Amino acid sequence: PPRKEERAKFELLCYDGSRRSVDEYENCYWARVASHAVVARSVDGRTDKIWELLSYALEQMKQKQSRCQLFKSPQDSGKDLLFKDNVIGLIQVPEGADAELYLGPKYCAAIQNLKRGKQERITWCAVGKAEKSKCDVWSAQSNGAIQCAAAETTDECLIKIIVSKREADAITLDGGHIFTAGKCGLVPVLTEIPRKYELSRSIAVETSGYFAVAVAKKSDTDINWNTLRGTRSCHTSVGRTAGWNIPMGLINKQNNLSCRFDTFFKESCAPGAPLESTLCKLCKGSGGEVYAYWCRESLLIILIIFLIGQNRPAWASGVTSSDFVLLNQNGERCPYDKYERCHLAKVCRHAVVSRPERAEVVKTVVFKQQKLFGGQGTQNDVFHMFQSDAKDSLFKDGTECLAVPNENTFEKYLGQEYLESLEQITKYNLKRRLITPLY
Numbered sequence: 001p002p003r004k005e006e007r008a009k010f011e012l013l014c015y016d017g018s019r020r021s022v023d024e025y026e027n028c029y030w031a032r033v034a035s036h037a038v039v040a041r042s043v044d045g046r047t048d049k050i051w052e053l054l055s056y057a058l059e060q061m062k063q064k065q066s067r068c069q070l071f072k073s074p075q076d077s078g079k080d081l082l083f084k085d086n087v088i089g090l091i092q093v094p095e096g097a098d099a100e101l102y103l104g105p106k107y108c109a110a111i112q113n114l115k116r117g118k119q120e121r122i123t124w125c126a127v128g129k130a131e132k133s134k135c136d137v138w139s140a141q142s143n144g145a146i147q148c149a150a151a152e153t154t155d156e157c158l159i160k161i162i163v164s165k166r167e168a169d170a171i172t173l174d175g176g177h178i179f180t181a182g183k184c185g186l187v188p189v190l191t192e193i194p195r196k197y198e199l200s201r202s203i204a205v206e207t208s209g210y211f212a213v214a215v216a217k218k219s220d221t222d223i224n225w226n227t228l229r230g231t232r233s234c235h236t237s238v239g240r241t242a243g244w245n246i247p248m249g250l251i252n253k254q255n256n257l258s259c260r261f262d263t264f265f266k267e268s269c270a271p272g273a274p275l276e277s278t279l280c281k282l283c284k285g286s287g288g289e290v291y292a293y294w295c296r297e298s299l300l301i302i303l304i305i306f307l308i309g310q311n312r313p314a315w316a317s318g319v320t321s322s323d324f325v326l327l328n329q330n331g332e333r334c335p336y337d338k339y340e341r342c343h344l345a346k347v348c349r350h351a352v353v354s355r356p357e358r359a360e361v362v363k364t365v366v367f368k369q370q371k372l373f374g375g376q377g378t379q380n381d382v383f384h385m386f387q388s389d390a391k392d393s394l395f396k397d398g399t400e401c402l403a404v405p406n407e408n409t410f411e412k413y414l415g416q417e418y419l420e421s422l423e424q425i426t427k428y429n430l431k432r433r434l435i436t437p438l439y
């Protein structure tokens, strides 16, 4: 190897544009190159037999080193015959790992980019029929710049983006799913910039995000943040930012629940919880109803959207924002419009996420689409990215435009306050999601 003084003359060029010492290669590299591998056919490849044979050879090598040198080539015959000469052993690759998963996304992306020109199209992942329908219209109007993949759940969409099959490139997520996506190697690419909300819509928005609040009926004077145990609760959905992750993360930490959430409230409605749990006891109505409309009228409500505005269910007729108070963590009960000082946390807006190697392409394509179909788009009378027949399909309906966030990692985007709540929640995963971080 080069002498120390020779090594000092050089630096590594990192993928993020920085430069580092040549000794810092573990934190400054363009891709991790996989070890050489034994390969077989994907169909009827007899992988069990191959591993059985290799395992036998490895055992023989241990017992008869002088006669069986699997990883050493004869001096007069060449080098690296069958296996590299510096190999010390073999490890069986997990079942189901194909070539792309084994090589890794950065390496595969680099190889693929050598074979094709700049690709000005992306595949969006749509969750459910309503989003797929909207995506199909978008695809047609975009002349193919937008392609559509579909899945039944957000987790399934993440798998389509994360796993090396590359069935999709992008999806819009709320904070809870941004956390999961980030743990699996995805990055925030674009953030939703909302239109100015009227106070009557009860969503407090600033440039850096919105406020997650806890809400109780004004008439329930005995309820405050410190007296919630044994009451009844409503939540937007398990895993959602303002309706679950923030309040339950705080409750878990402050009450040492060990994430036994079903022991804290007497009864709840938290869509996505196990059906047999007390967390589902208060749910009613069809699955198409949204947010706290799953809950009965007389419950404590923990959510971000108050029961006002359009499309309210029949039981909410006559309900106004003044019928509710905000619950502060210090036990204070605040008027509904004092959210800036009486909130649980300030959290990030929804964001478009993608794989790092596709981030720039996603930005380029989406910005072109936004000029046509965004809030100020020249053709938004034909198709509008930020309007939906079904609420908040692909993007939130209150979005004015998409912009590049200042934060380029999921940790910075979510913020320390929200991350702490999420860390509490993820100690115990209620649904035991099937996604395993790959990075």
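With UniProt numbering, letter number 94 in the sequence shown gets 94, and the count goes up by one each step, no holes. For glycine and all other residues, C-beta sits at the position ideal for the given N, C-alpha and C. Computed from a prediction, not measured in an experiment: that's the story for all the values here.
In whole angstroms, give me the CA-to-CA distance for residue i and residue j.
i      : j      : result
TYR413 : HIS350 : 10 Å
TRP138 : VAL325 : 41 Å
TYR293 : GLY331 : In this prediction, TYR293 has a pLDDT of 41, which is less than 50 and means its spatial position is unreliable; what the coordinates show is noted afterwards. Roughly 26 Å between the two C-alpha positions.
ARG379 : PHE373 : A quick correction: the sequence has Gln, not Arg, at residue 379. Their Cα atoms are separated by approximately 5 Å.
GLN63  : PHE71  : 14 Å
CYS334 : GLU100 : 54 Å
ARG341 : ALA214 : 12 Å
ILE178 : ASN86  : 41 Å
ILE425 : THR231 : 20 Å
CYS269 : GLN254 : 21 Å
ARG7   : GLY104 : 29 Å
ILE301 : ALA140 : Reliability fails at ILE301, whose pLDDT of 41 lies under 50, so the model's placement of it is uncertain and no value is given.
CYS108 : GLY185 : 15 Å
GLN147 : ASP136 : 8 Å
LEU190 : CYS280 : 34 Å
LEU90  : ILE159 : 29 Å
PHE383 : GLU156 : 27 Å
LYS266 : ASP220 : 16 Å
SER322 : ARG260 : 33 Å
CYS401 : GLU192 : 6 Å
ASN252 : VAL404 : 34 Å
Among all the DSSP beta bridges, which residues are the ones paired with residue i?
i      : result
ASP12  : The sequence given here places Leu at residue 12; Asp does not occur at that position. Beta-bridge pairing links LEU12 to ARG20.
PRO335 : VAL325
SER354 : ALA170, VAL187
TRP225 : DSSP lists no partner for TRP225.
ILE146 : ILE122
ILE269 : In the sequence on display, residue 269 carries Cys and not Ile. Partner(s): CYS234.
ALA345 : ALA212
VAL127 : ALA151
Can you tell me whether residue i is buried or exposed? The criterion is at least 16 other CB atoms within 10 Å of its CB, across all chains shown.
i           : result
THR263      : exposed
residue 496 : Outside the displayed range of the chain (1 to 439) lies residue 496, so it cannot be described from this structure.
GLN416      : exposed
ARG19       : exposed
TYR25       : exposed
ASN328      : buried
LEU81       : exposed
ALA57       : exposed
ILE88       : exposed
ALA168      : buried
ASN245      : buried
ASP16       : exposed
THR180      : buried
GLY182      : buried
THR409      : exposed
task: May I have a chain-ordered list of the alpha helix (DSSP H) segments no shorter than 4 residues that lie completely inside the stretch 148 to 223?
output: 154 to 162, 175 to 183
- prompt: Can you list the beta strand (DSSP E) stretches of 3 or more residues lying completely in the stretch 390 to 418, in chain order?
  reply: 399 to 403
query: When the Cβ atoms of the stretch 121 to 128 are set against those of the stretch 72 to 85, are three or more pairs found closer than 8 Å?
result: no
Cβ contact (3+ pairs, closer than 8 Å) linking the stretch 237 to 251 and the stretch 269 to 280: yes
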